[in-house]
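Asker: These protein sequences, in sequence, are chains A and B.
Just so we're aligned: the first sequence equals residues 1 to 291 in the numbering used here.
Just so we're aligned: the second sequence equals residues 1001 to 1331 in the numbering used here.
Ideal Cβ placement from N, Cα and C applies to all residues, glycine included.
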Amino acid sequence: MTFDLILLQAFTGVALGTIFVLVALGLSLIFGLLTIVNFAHSQFFMLGAYVGVVVLAVTGSFWAALVLVPLVVGALGMVCERVLIRPLYGRGIDYPLLLTFGLGLIILELVRIFAGTEGIPFNTPEALTGAVDLGVFFFPKYRLFLIGVTAAILVALWFFLEKTPYGLIIRAGARDPEIVQVLGVDVSRVWLIVFGIGTGLAALAGVLAAPIRGVFPEMGVPVLVEAFVVTVVGGMGSLLGAVIAGLAVGITVSMTSLFYPEMTTLSMFLLMAVVLVFRPRGLFGRAGVLD
Amino acid sequence: MASETSAARGATGSAGGLKGLVALVTRHRVLCALVVLALLPFLTPYEALAVNILIFGLYAMGFNLIFGYAGMLSFGHAALFGLGAYGCGVPIAKFGVPWFLALPMGIAIAGLASVVIGWFAIRSRGIYFAMITLALSQVVYYTTYQWVSLTGGEDGLRGVNVPAIDIFGLHFDMLNPTTKYYVLFVFAAVAIALFSRILNSPFGAVLEALRENEKRAMACGYDIARTRWLAFILSGLFSGFAGALYAIHLSVVPIETLNYFNSAEVLMITLLGGMGTFFGAFIGAYVYIMLQDVVTVVTVHWQLVIGTLFVVLILFFPRGIWGSFLKWVRA
């Protein structure tokens, strides 16, 4: 086992982790503001890949899909928030969770009805096929692209939340929605937008993952559990936690597949168990968020 | 439960009517449940359906202890039900253990798993609890899936043979569906009586106190973490019991018993019947399984129906059938 191979595997883990980061980020953002766990999140991820297939078929451009998919699915997420989730605010934390679980089943079954149960091939865009020489090893171009896109999204999101007036309102709304409401801001609109951003991020992750994971109706099922593991490890509602835990889970899975392949699927759960023993709220979980 | 008994007390003074009847039924809930369940094979199109209702009713009853009475949403009960089924099925299929000895083994395995899963999960609460129980149940699923030599992996565990036995001079042929139903019914009756006893115990009262006001219960000196853990373990024992009966019923253990969808199904059954009510579990199981039997003949898109049912129940009928009925009677 050479050092190069370990380094390559770590890098692959980071690329794998970017998908975890994007999905968990949306989940955590929605939770941070609306205090609901979106159990349909992984189905928005799957929907993103399917909308990507459609956009790709119509426009022939992967780049158009990257822009359009989050907008379309985000808009759909906003409709769901307004029609289905809004009536449940203030009725306890379990209700939205159960409702979104039902919503997820509906989305999954509708996709099966309209797009079929078979998988749909999704090729890596031509400009991103092949590998690049990184000096120590060759690395697939597409995975490098994943890391770059995710980094760009993280910077944009950070800028939006920390440096713009909208971001200020969102952060204030997460801390104390009542005071923000009293100050004359329509909080329900903030929630609507945040739900749209969260589901849009999931959809973007879906279309980015499509060339690696393939497109099929059940593609979201493991993603939900993965996103939960990442949020539990990182700490619910913490965006920094989602990023660090997402990458950590990616690297853990990737390293385990190198050293002990039989344990690959279980490794992330073991990581979660270890974190839970020492930090029940996760690495960056805020005290009091869940009480 | 507390509201059920208080209603029973309140109604004794007032004149009969529907209110009195409900109070009477509530007071003799074990007897009423057993009478209805004894008649169940006559209320279903075929016996296998009645067995399923009995088993999923028991499963929902155990789930209800943690969800309805303790107020903790577990999304990982499939692991406990499934381990009960495998824990009972593997000794029968692989080691030739007689089924009546394998049954307690299944319960023990599920109990052991709920001790471990519970230990991790009760460190958190609310939605965290749901997420962690789901994640840990996936660990059980993947492990079982990969351990092909013991569990049969994807194909499920085959060869869970349940031969006829003779006890006290009576011959029980478990391949006869009616005999099978009534043998399982006897086991279920013991579990139902035990469950009712637990709810009536001081422990049951503490459990509800915890759900209603955790801080006050803590101030009264109750050990919250231990009460929760114990509730989770008891819930796991009942679920594992239902799972073990399922293995005996089917003669195979499908891997789907461990699937997260199975966790969602028991949640659906509990919601449908009415969470936190004694009869809710069996009413929910009856409606759910009868509906499934009808719908799956017409369409393969059963999950669409279930998803819609989830959304409609949560939005409009969060109390479920029995819960809404109780509210209507008392209003």
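Taking F1172/B as part of the beta strand (DSSP E), name the residues at either end of that continuous run.
Answerer: Unbroken beta strand (DSSP E) run through F1172/B: 1170-1172.
Asker: Just list the residues that DSSP pairs F139/A with in beta bridges.
Answerer: According to DSSP, which records beta bridges pairwise, F139/A is partnered with V132/A.
Asker: From the DSSP output, in three-state form, read off L1207/B for me.
Answerer: Helix.
Asker: What residues from the region 1207-1226 of chain B come within 7 Å of chain A, judged by C-beta to C-beta, listed N to C?
Answerer: So the list is empty, because no residue satisfies the distance condition.
Asker: What are the complete alpha helix (DSSP H) segments, minimum 4 residues, inside the region 1240-1296 of chain B?
Answerer: Segments of the alpha helix (DSSP H) lying fully in the region 1240-1296 of chain B: 1260-1273.
Asker: Can you pull out the residues from the region 264-283 of chain A whose beta carbon lies closer than 7 Å to at least one beta carbon of chain B?
Answerer: Per Cβ criterion, the list reads T265, L266, F269, M272, A273, L276, P280.
Asker: Measure from the C-beta of A1231/B to each C-beta in chain A and report whether the shortest distance is under 9 Å.
Answerer: So, not an interface residue.
Asker: Using a Cβ distance threshold of 8 Å, determine whether the region 52-72 of chain A contacts the region 205-225 of chain A, with at least three qualifying pairs required.
Answerer: The answer is yes - the region 205-225 of chain A touches the region 52-72 of chain A, with three or more Cβ pairs under 8 Å.
Asker: Identify the contact partners of L99/A in chain B, using a Cβ-Cβ distance below 8 Å as the criterion.
Answerer: Going along chain B in sequence order, the residues near L99/A (Cβ under 8 Å) are F1310, V1311, I1314, L1315.
Asker: If we define contact as Cβ-Cβ less than 9 Å, is Q1292/B a contact residue for chain A?
Answerer: No, Q1292/B does not count as interfacial toward chain A.
Asker: Could you check whether the Cβ of M231/A sits closer than 9 Å to any Cβ belonging to chain B?
Answerer: Here residue 231/A is Thr; the residue named in the question, Met, does not match the sequence. By this cut-off, T231/A is an interface position.
Asker: DSSP three-state call for V1183/B: helix, strand or coil?
Answerer: If DSSP states are grouped into helix, strand and coil, V1183/B belongs with the helices.
Asker: Could you check if D176/A is buried or exposed, using at least 16 other CB atoms within 10 Å of its CB as the buried criterion?
Answerer: When all chains shown are included, D176/A counts as exposed.
Asker: Cβ of V1022/B less than 9 Å from any chain A Cβ?
Answerer: Closer than 9 Å: no.
Asker: Within the continuous alpha helix (DSSP H) that includes L1043/B, where are the two ends?
Answerer: Premise fails: L1043/B is in no alpha helix (DSSP H) and is neither H nor E.
Asker: Let me see if you follow: with CB-CB separation under 9 Å, is L110/A close to chain B or not?
Answerer: It does; some Cβ of chain B falls within 9 Å.
Asker: Is it buried or exposed for S61/A, if we count other Cβ within 10 angstroms and need 16 for buried?
Answerer: S61/A should be labelled exposed.
Asker: Indicate, with yes or no, if the ligand MN has a heavy atom lying under 8 Å from the CB of R1123/B.
Answerer: This structure does not include the ligand MN; it has no bound ligands of any sort.
Asker: On a Cα-Cα basis, can you pick out the residue from G1240/B, V1294/B, T1178/B, I1321/B that is closest to L1037/B?
Answerer: The residue with the shortest Cα to Cα distance from L1037/B is T1178/B.
Asker: Put L247/A into one of helix, strand or coil per three-state DSSP.
Answerer: Note: L247/A maps to helix in three-state DSSP.
Asker: Report yes or no: is there a C-beta of chain D within less than 9 Å of the C-beta of V1139/B?
Answerer: Reference to chain D is not applicable here, since the protein chains of this structure are A and B.
Asker: Mind checking if R171/A is an interface residue toward chain B, Cβ cutoff 9 Å exclusive?
Answerer: For R171/A, the answer is no, since every Cβ of chain B falls outside 9 Å of its Cβ.
Asker: Which residue comes first and which comes last in the alpha helix (DSSP H) that contains M1131/B?
Answerer: Here the alpha helix (DSSP H) through M1131/B covers 1126-1146.
Asker: I'd like to know whether the C-beta of G1280/B is nearer than 9 Å to at least one C-beta of chain A.
Answerer: Output row for G1280/B: interface = no.
Asker: Which whole runs of the alpha helix (DSSP H) in the region 147-213 of chain A are 4 residues long or more, in chain order?
Answerer: Counting only runs of 4 or more, we get 165-175, 177-182, 187-213.
Asker: Mind listing the chain A neighbours of R1228/B? Cutoff is C-beta to C-beta under 8 Å, in chain order.
Answerer: Here the premise fails: no neighbours, minimum Cβ distance about 13 Å.
Asker: Run down chain B in chain order and give the residues with a C-beta less than 9 Å from the C-beta of F20/A.
Answerer: Within 9 Å Cβ-Cβ: nothing; F20/A doesn't reach chain B, min ~13 Å.
Asker: If you run the structure through DSSP and keep just helix, strand and coil, what is L1157/B?
Answerer: L1157/B: strand per DSSP, three-state reduction.
Asker: Would you identify the three-state DSSP class for I1314/B, choosing helix, strand or coil?
Answerer: Helix, per DSSP.
Asker: Give the DSSP-derived three-state secondary structure of T1012/B in the structure shown.
Answerer: Per-residue confidence for T1012/B stands at a pLDDT of 46, beneath the threshold of 50, marking its modelled position as unreliable; the derived number appears in the next sentence. T1012/B: helix per DSSP, three-state reduction.
Asker: By how many angstroms is the C-alpha of F1203/B removed from the C-alpha of E1212/B?
Answerer: One C-alpha to the other measures close to 14 Å.
Asker: Which same chain residues, not among the five before or five after V1253/B, have their C-beta less than 7 Å away from its C-beta?
Answerer: Excluding residues within five positions, the ones whose Cβ falls inside 7 Å are A1085, Y1086, G1089, G1156, L1157, V1160, A1247.
Asker: So, for G1323/B: in the same chain, excluding its five sequence neighbours on each side, which residues have a beta-carbon less than 6 Å away from its beta-carbon?
Answerer: Correct list, in chain order: G1274, T1277.
Asker: Spell out the partners DSSP gives V215/A in its beta bridges.
Answerer: Paired residue(s): I120/A.
Asker: Going by DSSP, which residues form a beta bridge with I1167/B?
Answerer: Bridge partners of I1167/B: L1170/B.
Asker: Within 10 angstroms of its Cβ, does H1171/B collect 16 or more other Cβ (buried), or is it exposed?
Answerer: When all chains shown are included, H1171/B counts as exposed.
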